[in-house]
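Novice:
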Amino acid sequence: MLELKPLPIEFYARDTVTVAQEVLGKLLVRELNGVLLEGLIVESEAYRGSDDPASHAYRGITNRNKVMFGRAGVAYVYFTYGNHYCLNFTTEREKIAGAVLIRALQPLVGIDVMKRNRGTDDVHNLTSGPGKLTKAFSIARSENGLDLTTGKQLFVIESDRQNRFQIASSRRIGIREGSDKPWRFYIVDNVFVSRRGHSK
DNA sequence: GAGAAGATCTCCT
DNA sequence: GGAGATCTTCTCA
11 MLELKPLPIE
21 FYARDTVTVA
31 QEVLGKLLVR
41 ELNGVLLEGL
51 IVESEAYRGS
61 DDPASHAYRG
71 ITNRNKVMFG
81 RAGVAYVYFT
91 YGNHYCLNFT
101 TEREKIAGAV
111 LIRALQPLVG
121 IDVMKRNRGT
131 DDVHNLTSGP
141 GKLTKAFSIA
151 RSENGLDLTT
161 GKQLFVIESD
171 RQNRFQIASS
181 RRIGIREGSD
191 KPWRFYIVDN
201 VFVSRRGHSK
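Plus 10 on top of the position in the first sequence (first one is 1) and you've got our numbering.
Structure representation (structure tokens):
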């Protein structure tokens, strides 16, 4: 039996790029009306603050991104492209902006529920992208600002797969500015990664 | 108050 | 491989 012990704030309250790398191979856990959903985090991206033109926080605090400036270990959920929500974990200490975008998961527990949420039977298409995984896990605007360290509703735990995979990095996806930074990280040869990246 | 762009997905060819 | 869907958020006047 896996122990459902959430990662503490100390895991998140560090350099954003470090957290983005170390969150790979951890388990994202969603508790929804007694139903448990679990997925292995296989792809992430780091977004920093005033030194990162691709980040929402680059131009300072706004109503949308204020969670990024708050304490670490909190969910930052935003709506984009008229259709999709994206899930991030906040990092760094208060007043220092930082967040890790969760780009892809490998479904492990509650796959039937994810299929229903996504309206497809294709397991490889359930959570292999940032907009897909939020729908599969039923994460939306109401989850913005949720504390990830309480072990309720939404949190992250260690998995037994630690160190049994290789990590590669690449340029981040879907942005214009700051696309030279190699701050996307993914597990090599995992079929649930959203795209084959050029490891550079 | 208006205009434009966006950390994407899906369907069509 | 490419474009449309769709609407929130930010910026500027």
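Just so you know, even glycine gets a beta-carbon here, dropped at the ideal spot from N, CA and C.
Rank VAL119, THR101 and ARG126 by C-alpha distance to the C-alpha of ILE112 and give the top, closest one.
Specialist: THR101
Novice: Measure the beta-carbon distance from SER180 to PRO192 and round it to whole angstroms, keeping in mind my assumption that it falls under 8 angstroms.
Specialist: The Cβ separation is near 6 angstroms, so the contact holds.
Novice: Please determine if the segment 55-64 and the segment 19-38 are in contact, where contact requires at least 3 C-beta pairs separated by less than 8 angstroms.
Specialist: yes
Novice: What residue range does the beta strand (DSSP E) around THR219 cover?
Specialist: The requested residue 219 is not part of the displayed model; the chain covers only 11 to 210.
Novice: Compare the C-alpha of ALA85 against each of LYS162, ILE177, GLY139 and HIS134 and name the closest.
Specialist: LYS162
Novice: Helix, strand or coil for PRO117 per DSSP?
Specialist: strand
Novice: Report the three-state DSSP secondary structure of SER54 (helix, strand or coil).
Specialist: strand
Novice: Just to confirm the assignment, what range does the beta strand (DSSP E) spanning GLU41 have?
Specialist: 37-42
Novice: Output the distance between the C-alpha atoms of LEU38 and ARG69, rounded to the nearest integer angstrom.
Specialist: 30 angstroms
Novice: Is the beta carbon of LYS145 sitting closer than 8 angstroms to the one on ARG128?
Specialist: Cβ distance < 8 angstroms, so LYS145 and ARG128 count as in contact.
Novice: Is DSSP giving ILE71 helix, strand or coil here?
Specialist: coil
Novice: Count the other C-beta atoms from every protein chain shown that fall within 10 angstroms of the C-beta of ASP62, then say buried if there are 16 or more, exposed otherwise.
Specialist: Answer is buried; the Cβ neighbour count reaches 16.
Novice: Please go through the same chain and pick out, in chain order, the residues whose beta-carbon is closer than 8 angstroms to the beta-carbon of GLY139, but skip the five residues on each side of it.
Specialist: ARG113, ALA114 and SER204
Novice: Which class does ARG194 belong to by DSSP, given the choice of helix, strand or coil?
Specialist: strand
Novice: Given ILE177, which residues of its chain have a CB within under 8 angstroms of its CB, disregarding the five upstream and five downstream residues?
Specialist: GLN31, LEU34, PHE195, TYR196, ILE197 and VAL198
Novice: Over the uninterrupted alpha helix (DSSP H) stretch that includes ALA146, give me the two end residues.
Specialist: From DSSP, the alpha helix (DSSP H) with ALA146 extends over 140-146.
Novice: Whose C-alpha, out of VAL166, LEU164, ARG186 and ASN200, is nearest the C-alpha of ARG174?
Specialist: Closest option to ARG174, judged by alpha-carbon separation, among VAL166, LEU164, ARG186 and ASN200: ASN200.
Novice: Short of 6 angstroms in beta carbon distance, which residues of its chain neighbour ASN75, apart from the five on each side in sequence? Order them along the chain.
Specialist: HIS66 and ALA67
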